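Using the numbering used here, the letters of the sequence shown correspond one by one to residues 526 to 800. Note that the Cβ used here is the ideal one computed from N, Cα and C, for glycine as well. What you are looking at is a predicted structure, and each value in this text was computed from that prediction instead of being measured.
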Amino acid sequence: MKVLDSKFAQGFIRMCNDGWEQGWHERNGGNLSYRIKEEEIAEVMDDLKMDGAWKEIGTSVPTLANEYFLVTGSGKYFRNVILEPEDSICIIQVDAKGEKYKICWGLKNGGRPTSELPSHLMNLEVKKKVTDGRYRVVYHAHTTNVIALTFVLPLKDEIFTRELWEMATECPVVFPDGIGVVPWMVPGGRDIAVKTSKLMEKYDVAIWAHHGIFGSGEDFDLTFGLVHTVEKAAEILVKTMSMSPKKLQTIEPDEFRHLAKDFGVTLPEKFLYNK
Ligand code: 2HA
Ligand code: ZN
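If you want it as structure tokens, here you go:
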């Protein structure tokens, strides 16, 4: 089968376009990665070329040794993915040590995988470990309202989680473990990848101050839906704060506890502090 006829490639391309249509991917902003299943890569093996040169990842991901990933290209525009997928995205394989990668498909006019490859692979590695292999998607987007909030809220997990939970009843159900916040750091390298992947051990969402968001999930629907839900909550918070410095009413800690019980989720008490 051709890569572009596979369900996983079609789902990946659709998600890139969904993010573009939301306005989260100006110019070459944002990136997406997917850890391909064994049976999926077997189906498209005839369409791959295996003689590419091995290149340094810039970090070490031994748990992902020999696995294949579909990722966006560095400097490529989400806007173009649906029109020219073979120019914009690529399949890479990680080597037996988890230190190098080679391109097996795509980027037909040259290029490299996403500049955030260390963050994507380290997050995918952490999530593979803590979810017994269930999580396969890592998504980075420049979500406008989330970014705006990083200028006015203290950069603390407890505050971002609680403020965003309060903005929509579905939020604590969609991201019950909460949200991590990374202070401003230089993007693209190992340091920010280490910091983000540490947060991904306990959260599905990490915010990069003055930059954007990382979300992870089992599949494209869950991961896109997660980021969409967080950004929607952030939009409501921006609107609320713009209308009034103080809320007249909100969802209270005991109401969150009641919700958690009825919806069968566990909400860590550290987010249910008294204000
Ligand atoms: O330009 O979003 O973080 C791609 C990015 C880097
Ligand atoms: Zn970015």
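- If the five residues before and after F745 are omitted, its C-beta is found closer than 8 Å to the C-beta atoms of G536, F537, R539, M540, Y559, V662, all from its own chain and listed in chain order.
- Relative to the non-hydrogen atoms of ligand 1, the Cβ of E641 comes within a distance shorter than 7 Å of at least one.
- Linking K757 to K727 through their CA atoms gives a straight-line distance of about 22 Å.
- In this structure, ligand 1 has a non-hydrogen atom nearer than 7 Å to the beta-carbon of H665.
- Residue N605 holds the alpha-carbon nearest to the alpha-carbon of D543 among V528, I582, K532, N605.
- Within the DSSP secondary-structure output, W630 pairs in a beta bridge with I616.
- Under the three-pair Cβ rule at 8 Å, the segment 620–629 does not count as touching the segment 544–563.
- At a threshold of 7 Å, P712 counts as near ligand 1, since its beta carbon sits closer than that to one of the ligand's heavy atoms.
- In the DSSP secondary-structure assignment, P638 is bridged to G598.
- Setting aside the 5 residues that flank it on each side, E641 is surrounded in the same chain by N556, H665, P712, G713, each with a C-beta closer than 7 Å to its C-beta; the list follows chain order.
- Of the heavy atoms belonging to ligand 2, at least one sits nearer than 7 Å to the Cβ of H736.
- Under the three-state reduction of DSSP, F676 is assigned to coil, being neither helix nor strand.
- Here the C-alpha atom of P708 lies approximately 20 Å from the C-alpha atom of W549.
- Runs of the beta strand (DSSP E) lying entirely within the segment 682–712, each at least 3 residues long, are 704–707 in chain order.
- Secondary structure remark: continuous alpha helix (DSSP H) runs of at least 4 residues inside the segment 713–737, in chain order: 715–724.
- Counting only the Cα atoms, G598 lies some 14 Å from A534.
- In this chain, L557 is not harboured by any alpha helix (DSSP H); it is covered by the beta strand (DSSP E) spanning 556–560.
- Non-local C-beta neighbours of V569 in its own chain, meaning closer than 6 Å and more than five positions away in sequence, comprise M526, V528, S531, ordered along the chain.
- A straight line joining the alpha-carbon of G583 with that of G740 spans about 21 Å.
- Its Cα nearest to that of L678, the residue I732 stands out among M647, V719, H645, I732.
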